[in-house]
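Remarks on the structure that follows.
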Amino acid sequence: MIGSVPATALAASPPVAESQLVIAPLLIVLVAAVGSLLFGRWTRARIGVSLLGGAAYAVAVAAIDWYIVLAPSAPGAATYQVGGWPAPFGITLVADGLSAFMLTMVAILGVASLVFSTRVLPEIDRRSYYFPLFHFLALGVTGAFLTGDLFNLFVWFEVMLMASYIFVAYYGGPQHTRAAFWYVALNLLASAVFLLAVGGIYATTGTLNMADLSRRLADPAAYGIDPRSVLGLYGLLLSVFAIKAGLVPFQFWIPTAYRAAPPQITALLAGATKKVGIYAIIRLSFTVFADAPVAVDLTVPGTGLAVAGNSPLPFVGAVLFVMAAASILVGGLGAVGRESIEGVLAYSSIGQVGFIAVPVAIAATTTSPELRQFGIVAALVYALNHTLAKGLLFLAVGAVRTATGTSSLSDLGGLAGRSPPLAISFFVGALALVGIPPLSGFFGKFLVFDVAARAEAPSVLALLLAGSLLTIAYATRTWNRSFWGARTAAVEEATTDSVQLAVLGVLAAAIIAVGVGFEPVYEFADAAAEAALDADAYVDAVDPADASDVDLEAGGEGGETGGEHE
Amino acid sequence: MTTVIMRTTARVIVPIILVVAVTLFVEGHNLPGGGFIGGVLTTTAFAVIYLAFGLDFLERGVLGRDVEPGKEPSRDRVVVAYRRLFEYGLAIAVLSGLVPLLFDRPFLTQTFVELEGVPIYDHVELASAVAFDLGVYCVVVGGLLTILSVVGAE
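Residue numbers (full-length UniProt numbering), protein chains in the order written: chain A, 1 to 566; chain B, 1 to 154.
Printed below as a string of structure tokens:
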């Protein structure tokens, strides 16, 4: 996206130090959250601060993309030590290709959803805490992508969840309270498991800094670690991330929660917080735990299928593949029979995350480095497509609700003639889910199929094909029932909001732009995959000190150690 | 709960709780304690007052304001003040984290000065972390009291 700007103009060093760019998005969202809270009494000021924060966030993420990852002289990764405490003792923030790619997806969808929110909200509640919570949700997601510390990742998960709890219960009706209860109960359980695993990993390895963890696990004998117990603890973590990503068998909270939350927030839940689960799986599996020497030897009785290797990755791959396959089928079959647009989209999200997880699973089980990197690239491109397309579709649900007051398929019909711009945007989003060229979805799906073909796994290809057919089935059914056919009474009286339609149009244009100008997107995803796989570069970037090398007195002086990594 | 015993006990223990809360808050940056636990303890003092004297006591008895009977609890003036305390506390905490950036230090960097020869105390240690702690204290007190008074009224 930024590649079109003349490279010479931007190739100079960034306006602020790279390390300060790393924390910039976090601070911008934090200040926007506090600002919109303080100006809560004046609606216009609150919206103004929120939009300003969103714009500044987008600029900061674009600066990270260019100066840290994509520019010809870019370092590839930059770190920030919060409070001046050196790694591995302090909290490290790391922006590398993978973080930047994820942040870019969130920035595009987040700003779109923010602008959309300003047009929905006055009708719901003029004095609500909506905008501060929106920023805190974005803060949690951003922090999770940037942190280089396992416990800090837990904290950002909690920040993200606290905000999303309230959004799920936002409308306050019986079904919303019920959905929120489910959601809170499940996530409290997940948080407890997460904390347990983090505590166990700290007790086993003596560190929670991801780079330090990666270094120690690669050479466990030198640090007196038993890597086998770490594999079990990582299994616990994997289940937590699978809950966040909504993979089967942890998918059951998704339909109720997605239907209960306001649609523009559901767009973020599907587009951003779900990707945090995917990101955490990729980051921890490939960057942190990949090099731990653990002998894995799994055989599936009766089929002759076996995974083996001297790393946790085959285990991760096998587990992930089973969950992904089930997700594709459960999500696809569930989506076909839903009676509201957001119900279809919620089940579709379960299936689509399966499509993202399949190439990750192949990347984890393969022994070829090229295929491994290609698998991650395919997963990232598919994740980008899913964020854009599903975000667009959920926002379209919001627009349909604003216009007609309903999103139930039986009350809709003939929307295409009533509002062609809304119909075109929805159509583009639906086609992107199906994967029609030249949209972003085509490349996402093409790469996933290509990974399966290169892995020479015909059964996986068959599974992907079945999933794609189901996608076509539910996408066409939703389109036919709501946009074609005879106009219903609700559609006849519909009045659309021009700003909402403009946001949808911009997202639809982004989907087309990603598909048409796919080359730079692919390069970005390739850089992200390389960053995810290159554990040594990650460790070098963070450069955690050994406990014995550090003069703890220097750390105690607080500000004194701050200047050394600028 | 508003028995004579309860009210008499409340008169004695509320000041003690508040003093302990302030002590925990002041030494929290370096010793066990801090803004969070100090804030929770302060809220406990308020909870005791609410239990002993009723929800309107603060407005009517302490601040001397008139309270309309069937008002909406979340629009109560005390609750508005609690909410504002929460907002300002959050702002203080974030600003205290941002100040080091002006001095070209990382976000949340802390430092301290030691003052010698201060009357009565002689040796006083002033830490910048107290500003952040104050923010946390305000957030905890404001947030918990808002919940307590609104949910309590319902």
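All C-beta atoms in this analysis are idealised placements derived from N, C-alpha and C, irrespective of residue type, glycine included.
If we call anything under 7 Å between Cβ atoms a contact, is residue i one with residue j?
| i | j | result |
| --- | --- | --- |
| residue 359(A) | residue 448(A) | yes |
| residue 146(A) | residue 99(A) | yes |
| residue 381(A) | residue 528(A) | no |
| residue 79(A) | residue 69(A) | no |
| residue 82(A) | residue 107(B) | yes |
| residue 483(A) | residue 416(A) | yes |
| residue 241(A) | residue 281(A) | yes |
| residue 467(A) | residue 328(A) | yes |
| residue 65(A) | residue 531(A) | no |
| residue 133(B) | residue 35(B) | yes |
| residue 263(A) | residue 394(A) | yes |
| residue 135(B) | residue 89(B) | yes |
| residue 475(A) | residue 426(A) | no |
| residue 319(A) | residue 378(A) | no |
| residue 135(A) | residue 33(A) | yes |
| residue 233(A) | residue 197(A) | yes |
| residue 158(A) | residue 259(A) | no |
| residue 151(A) | residue 208(A) | yes |
| residue 287(A) | residue 535(A) | yes |
Kindly list the residues whose CB is nearer than 8 Å to the CB of residue i, restricted to its own chain and excluding five residues on each side of it in sequence; keep chain order.
| i | result |
| --- | --- |
| residue 458(A) | none |
Give me, in chain order, the residues of the same chain whose beta-carbon lies closer than 7 Å to that of residue i; leave out the 5 immediate sequence neighbours on both sides.
| i | result |
| --- | --- |
| residue 246(A) | 254, 274, 349, 350 and 353 |
| residue 510(A) | 108 and 388 |
| residue 156(A) | 140, 143, 144 and 147 |
| residue 187(A) | 161 |
Between which residues of its own chain and residue i is the CB-CB distance below 6 Å, once the five residues before and five after are set aside?
| i | result |
| --- | --- |
| residue 384(A) | 105 |
| residue 372(A) | 363 and 366 |
| residue 257(A) | 168, 179 and 183 |
| residue 414(A) | 485, 486, 487 and 491 |
| residue 86(B) | 139, 142 and 143 |
| residue 220(A) | 227 |
| residue 118(A) | 47 |
| residue 325(A) | 463 |
| residue 579(A) | Since the first residue of chain A shown is 1 and the last is 566, residue 579(A) is not available in this structure. |
| residue 418(A) | 491 and 494 |
| residue 473(A) | 336 |
| residue 568(A) | Residue 568(A) is absent from the structure shown; chain A starts at 1 and stops at 566. |
| residue 8(A) | Bear in mind that the predicted position of residue 8(A) carries a pLDDT of just 42, short of 50, making it unreliable; the figure below should be weighed with that in mind. Around residue 8(A): no qualifying Cβ. |
| residue 570(A) | Here chain A has residues from 1 to 566 only, and residue 570(A) is not among them. |
| residue 317(A) | 361, 364 and 365 |
| residue 589(A) | Coverage of chain A is limited to positions 1 through 566, which leaves residue 589(A) absent and any answer about it impossible. |
| residue 406(A) | 490 |
Along the region 73 to 93 of chain B, where does the CB come closer than 7 Å to a CB of chain A? Name the residues.
87, 90 and 91
What are the residues in the region 77 to 94 of chain A lying within 8 Å of chain B by C-beta distance?
80, 81, 82, 83 and 84
Can you check the region 72 to 125 of chain A for any alpha helix (DSSP H) of at least 4 residues that lies completely inside it and give the ranges in chain order?
97 to 124
Length at least 4, wholly inside the region 36 to 78 of chain A: the alpha helix (DSSP H) runs in chain order:
43 to 63
Mind checking the region 102 to 116 of chain B against chain A and listing, in chain order, the residues whose C-beta falls within less than 9 Å of any C-beta there?
103, 104, 105, 106, 107, 108, 109, 110, 111 and 112
Runs of 4 residues minimum, wholly inside the region 472 to 514 of chain A: which ones carry the alpha helix (DSSP H) assignment?
489 to 492
Which runs of the alpha helix (DSSP H) at least 4 residues long sit entirely within the region 228 to 296 of chain A? Give them in chain order.
253 to 260, 263 to 268 and 274 to 282
Could I get the ranges of all uninterrupted alpha helix (DSSP H) runs contained in the region 51 to 111 of chain B, with 4 residues as the minimum, in chain order?
77 to 102
Could you check whether the region 283 to 300 of chain A touches the region 421 to 437 of chain A, counting it as contact only if at least three pairs of C-beta atoms, one from each stretch, sit closer than 8 Å?
no
For the region 31 to 52 of chain A, which residues have a beta carbon sitting closer than 7 Å to at least one beta carbon of chain B?
31, 34, 37 and 38
State whether the region 126 to 136 of chain A contacts the region 81 to 92 of chain A, with contact taken as three or more CB pairs (one from each stretch) at a distance under 8 Å.
no
On the three-pair Cβ rule with 8 Å, is the region 219 to 235 of chain A touching the region 334 to 348 of chain A?
no
Secondary structure, beta strand (DSSP E): runs of 3+ residues fully inside the region 113 to 154 of chain B:
122 to 127
If we count Cβ pairs, one from each stretch, closer than 8 Å, do we get three or more for the region 34 to 48 of chain B versus the region 10 to 17 of chain B?
yes
Please identify, using Cβ separations under 9 Å, the residues of the region 172 to 197 of chain A that lie next to chain B, in order along the chain.
none
Contact set between the region 245 to 267 of chain A and chain B, restricted to residues whose Cβ is under 7 Å from the partner
none
Quick check: the region 202 to 218 of chain A against the region 529 to 549 of chain A, are at least 3 beta-carbon pairs closer than 8 Å?
yes
Are the region 113 to 121 of chain B and the region 49 to 66 of chain B in contact at 8 Å, needing three or more beta carbon pairs?
no
Selection of the region 132 to 159 of chain A by Cβ proximity to chain B, strictly under 8 Å
none
Members of the region 495 to 528 of chain A that neighbour chain B once the beta carbon cut-off is set at 9 Å
none
Identify each residue in the region 16 to 28 of chain A for which the Cβ-Cβ distance to at least one residue of chain B is less than 9 Å, and report them in chain order.
19, 20, 23, 26 and 27
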